[in-house]
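These protein sequence lines are chains E and U, in that order. Just so we're on the same page, this note's numbering is the position in the first sequence counted from 1, plus 177. Just so we're on the same page, this note's numbering is the position in the second sequence counted from 1, plus 226.
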Amino acid sequence: MSHEYIKYKVASKQVSITPGVAELIEKAEREGVKTAWHRYLEQQPQCGFGTLGICCRNCNMGPCRIDPFGHGPSRGICGATADTIVARNILRMIAAGAAAHSDHARDICHVFKMVAEGKTRYYSLKDKEKLKFIAKQMGIKVGGRSDQEIAKELADVLFMEFGKPDDEPLKVLMSLAPEKRIKVWEKLGVLPRAIDREICECMHRTHMGVDADPASLLLHGVRTSLSDGWSGSMMATLLSDILFGTPKPIKFSANLGVLKEDMVNIIVHGHNPILSMKIVEIAQSKEMQELAKKYGAKGVNVAGMCCTGNEVLMRLGIPSAGNMLMQELAIITGAVEAMIVDYQCVMPALATVAGCYHTKLITTEPKMKIPGAIHIEFEPEKADEIAKKIVTIAIENYPNRPRARMYIPKEKMEAVAGFSVEAILKALGGTLEPLINALKDGTIKGIVGIVGCVNPKVKHNFSHIVLAEKLIANDILVVGTGCRAIAAAIHGLLKPEAAEKAGPGLKKICNALGIPPCLHMGSCVDCSRILIALKALAESLGVDIPDLPAAGSAPEWMSEKAVSIGTYFVASGVFTHLGTIPPVLGSKTVTKLLTEDIEDLLGGKFYVEPDPAKAAETIIKVIEEKRRKLGWPV
Amino acid sequence: MSKPSREYYIMVIPELCMGCKSCEIACAVEHSKTKSIYTAPFETPPPIARIRILAVENYFVPMRCQHCKDAPCMAVCPTGAISRTEEGFVVLNPQKCIGCLMCATACPFGHPKIDSYTRTVVKCDFCYDRIRKGALPACVEACPTSALRFGTLDELMEKVAEEKAEAMLKGMGKVPGHVIVFPAERMGEKKEPQMKVSDVRSMYSNVRWE
């Protein structure tokens, strides 16, 4: 057991509003284990150049920094100004975010193709309706063909999205995005051509001595983010639905209290559902439950973490142990036999934390290894065997649980998830009419998508909950994905009874339909579902997305993926709030472009406000303004 | 001790500090054996920075030895390890240091650090050898925003006065009791105030932990 020296104590009761977090931070300190909050304190002060985005490490003449006070250099060695450096840095963030989402999509596409070609018997086409629907949308012949044949052609078309060599716009985007939007993008010259190509071009443009014009750099950022939202992420969602079923409303429980004292606890963490769905299936099998009994446990309990957690809860109702900042805390309970990770938002610190307890940290992706973890590479051809091997390791580890040091917070919350666009339509009775009428007559004032991460810079889950509560109290329907959806679940906003917290109009609708005022739409790639919902609303009203009384928000964002999501929301015409400040303030030009000028071009813009109460006021005002323009009662 | 012709100081301006820790790195490298950023990280014992940046309220404050005129550390050191150079800098001789940490107890600024390899105290020596060669102290040289400034008190104050005068002329600064009337043609030149990290940090004030 390796104990770390705790230099700074964390104000445990103040860092999070979530029950159980403080106790586990205190437990960690007693046991000499550091968490992200401890490391956050150790990082203080954080460099101002990085905070403002005016540090460039793109070539080895540098690193260069611009003095924001004007005493020192105003240009890098190559002559790049603060404007160029900030724009280049943000473009690289978008590239990384789009790459993460789209590479995730590629991995699912790979399995989808194997299924289509009959190369794996472990996966199948679960939602054949959706397969046919999407194929039709993409102009693939459906009639008189077998599902396999349709899937095979669809897989080939989708695979070409990544690297097709021509200059034609992306097929998924052209088939699914609203026509009015496509015209806007075409006019601006930002229709993406191929996902990998746009990401590659980001890296090219930001290389020493290429693009120096902040507007030109940011427009390519728009193009890259569109290739993510309307193709990469969209594909990840569509194919996961086809392979594992389109989510329907389903009950689950959330928070660390979902861990069981007398069962083998396995946590699936990361983003990709391919392996985790198998882990759940195998863990729930009779064979494994029996094996667990042999080792003295009552059975096997699988819980989710982050977006892998969201994927399995949306389809199977698997409980969620928490969001990103709670990954270390789960291990610190001392009650987790194995944490199985795929990729993204998995802290390398987990290996160290797991080393202080009995938990086996198991990495499974060839592209993601962590020193100190066990690596069992996942292959879709051998899915069941590998899942069985992993689950067995967890069960065999049960007798090693440090009983004396085990502490599972008792708090957990009941919630409902599974609101895919299809599920929302079904709840509405098969048509958007009821929702549109409610919007028109002002029963519901608007719709806001709250998404994104959690971040130790701000109080954990605080902004997510304050913002959502203020919005629903003002009759604004909230939809959400990712870590923010888990926050909403833990704090009781995803159960139908939460309608009590809503304004009279929204409450009436929620009670009539039996839905909560905040709808869980899935993992972070499932922000694509929000795009589809916006499209459906705009088209049935005959308007463009910027005209809708809608907004987006990422109140506690931290990842590069969130930058890509934020940008494709703005590019899709959505007023988008950011609650943590992006590293752009070192350039007035870039800040103005993103928060003002971009609205004239795309209809959406960024709005930065760390205080969630103030942000809620502004978002409500924006929605009222849009309602006035539509001639709807405010 | 004869009075030196010039007394040098380092002025710290927290408003300009970006918290980048360039001064900490430069200080550690300067006090390493190899004095190179490329090799210093591989030395044993690892080089130690004397200066340290603290985040206080919304500001970053580089904290260093004040080289006090009546230095409490020097007064309490039982082995005479702490002495004053001809320039007036308070320096520590590690050969004489027994690691009793009396100096750390006495220091009003919390400056002394301990080298856990040698169990002796390390403290700022004002880079006296660099100054004797006509160079700037390492921390000052490394600071990219002039938050650390080196010179005689006269030089430093003149610079502060100059900046204040300029700010007043541009209508950006205000001095109580002074009304500045500046030429009409300069009225339009009002420079926008620069973004500061302290502004960014203060934006989080409502959602901070506390």
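Note that the Cβ used here is the ideal one computed from N, Cα and C, for glycine as well. Keep in mind the model is a prediction, meaning the values are calculated, not measured.
Note down, in chain order, each residue of its chain lying with its Cβ closer than 7 Å to the Cβ of residue i, except the 5 sequence neighbours on either side.
| i | result |
| --- | --- |
| E/A793 | L644, K647, L648 |
| E/S402 | I271, A275, S741, T744, Y745, A748 |
| E/F421 | K303, P450, M454, R492 |
| E/G669 | M590, A675 |
| E/K204 | I509, Y584 |
| E/S700 | H448, C484, N487, E488, T658, G659 |
| U/K261 | V255 |
Thinking just about the alpha-carbon of each residue, which of the options is nearest to the one in residue i?
| i | options | result |
| --- | --- | --- |
| E/S408 | E/L612, E/S279, E/C695 | E/S279 |
| E/A604 | E/E677, E/I686, E/K622 | E/I686 |
| E/I183 | E/I202, E/K190, E/S193, E/Q191 | E/I202 |
| U/M226 | E/K204, E/P245, E/L671, E/C233 | In the structure displayed, chain U extends from 227 to 436; residue 226 of chain U sits before or after that span and is not available. |
| U/P298 | U/C333, U/R290, U/S309 | U/C333 |
| E/C522 | E/C241, E/S430, E/E505, E/P681 | E/E505 |
| E/Y185 | E/V198, E/I194, E/V210, E/E200 | E/V210 |
In this structure, how does DSSP classify residue i when only helix, strand and coil are distinguished?
| i | result |
| --- | --- |
| E/E542 | strand |
| U/A296 | Here the sequence assigns Asp to residue 296 of chain U, which means Ala is not the residue at that position. DSSP places U/D296 in coil when its eight states are reduced to three. |
| E/K423 | As written in the sequence, residue 423 of chain E is Thr, which differs from the Lys given in the question. Reduced to three states, the DSSP call for E/T423 is coil. |
| E/G743 | helix |
| E/E591 | strand |
| U/C329 | helix |
| E/G321 | coil |
| E/P723 | helix |
| E/D260 | helix |
| E/M351 | helix |
| E/F339 | helix |
| U/R276 | coil |
| E/C233 | strand |
| E/I814 | Because chain E is modelled from 178 through 811, residue 814 of chain E falls outside the range shown and cannot be assessed. |
| E/P789 | helix |
| E/I758 | coil |
| E/T795 | helix |
Beta-carbon within less than 6 Å of residue i's beta-carbon, same chain only, minus the 5 sequence neighbours each way: which residues are those?
| i | result |
| --- | --- |
| U/F335 | Q292 |
| U/P320 | T346 |
| E/T766 | D260, P391 |
| U/S428 | N284 |
| U/I263 | V255 |
| E/M178 | Model confidence at E/M178 stands at a pLDDT of 41, short of 50, so the residue's coordinates are unreliable and nothing is read from them. |
| E/D344 | R370 |
| E/I311 | L415 |
| E/T172 | Any property of residue 172 of chain E remains undetermined from this structure, which presents chain E solely from 178 to 811. |
May I have the straight-line CA-CA distance separating residue i from residue j, to the nearest angstrom?
| i | j | result |
| --- | --- | --- |
| E/S705 | E/V628 | 12 Å |
| E/K782 | E/D724 | 13 Å |
| U/F352 | E/Y575 | 59 Å |
| E/M315 | E/S352 | 6 Å |
| E/V445 | E/S404 | 28 Å |
| U/K294 | U/V282 | Residue identity check: residue 294 of chain U is Cys in the sequence provided, not Lys. Their Cα atoms are separated by approximately 23 Å. |
| E/K309 | E/A332 | 13 Å |
| E/I663 | E/G499 | 6 Å |
| E/I262 | U/F376 | 30 Å |
| E/F226 | E/T772 | 21 Å |
| U/M227 | U/L382 | The predicted position of U/M227 is uncertain, since its pLDDT is 49 and thus under 50; a value taken from the coordinates is nonetheless stated next. Distance between the alpha carbons of U/M227 and U/L382 is about 25 Å. |
| E/M698 | E/V656 | 7 Å |
| E/D284 | E/G756 | 31 Å |
Excluding the five sequence neighbours on either side, which residues of its own chain have a C-beta within less than 8 Å of the C-beta of residue i, listed in chain order?
| i | result |
| --- | --- |
| E/I427 | L490, M491, R492, L493, G494, V593, A594, G595 |
| U/K422 | E241 |
| E/P810 | D618, G619, R804 |
| E/M380 | R269, A272 |
| E/I551 | K537, L538, I539, T540, I570 |
| U/I274 | A254, H257, K339, D341, V348 |
Can you pull the chain A neighbours of residue i, defined as C-beta to C-beta under 9 Å?
| i | result |
| --- | --- |
| E/G629 | Any reference to chain A falls outside this structure, whose protein chains are E and U. |
Q. Can you find at least 3 beta carbon pairs, one from the segment 464-481 of chain E and one from the segment 414-421 of chain E, that sit closer than 8 Å?
A. Short answer: they don't touch.
_Is it the case that the segment 274-294 of chain U contacts the segment 237-256 of chain U, given that we only count it when at least three CB pairs across the two stretches are under 8 Å?_
Yes, they touch.
Exercise. Answer yes if the segment 727-741 of chain E comes into contact with the segment 370-381 of chain E, meaning at least three C-beta pairs across the two stretches below 8 Å, and no otherwise.
Key: At 8 Å Cβ cutoff, the stretches do not touch.
| message | So, does the segment 523-532 of chain E touch the segment 460-474 of chain E, judging by three or more C-beta pairs under 8 Å? | response | Under the 8 Å Cβ criterion, the segment 523-532 of chain E does not count as touching the segment 460-474 of chain E, having fewer than three qualifying pairs.
Between the segment 314-333 of chain U and the segment 360-370 of chain U, do at least 3 Cβ pairs fall closer than 8 Å?
At 8 Å Cβ cutoff, the stretches do not touch.
Margin query: Taking 8 Å as the cut-off, does the segment 752-771 of chain E touch the segment 294-313 of chain E (at least 3 CB pairs, one atom from each stretch)?
Written below: No: fewer than three Cβ pairs fall under 8 Å.
- Query: Below 8 Å, can you find three or more Cβ-Cβ pairs linking the segment 713-722 of chain E to the segment 605-622 of chain E?
  - Reply: In this structure the segment 713-722 of chain E lies against the segment 605-622 of chain E, because at least three pairs of beta carbons, one per stretch, are closer than 8 Å.
| Any 3 or more C-beta pairs closer than 8 Å across the segment 359-369 of chain E and the segment 320-332 of chain E | Cβ pair count under 8 Å is below three, so no.
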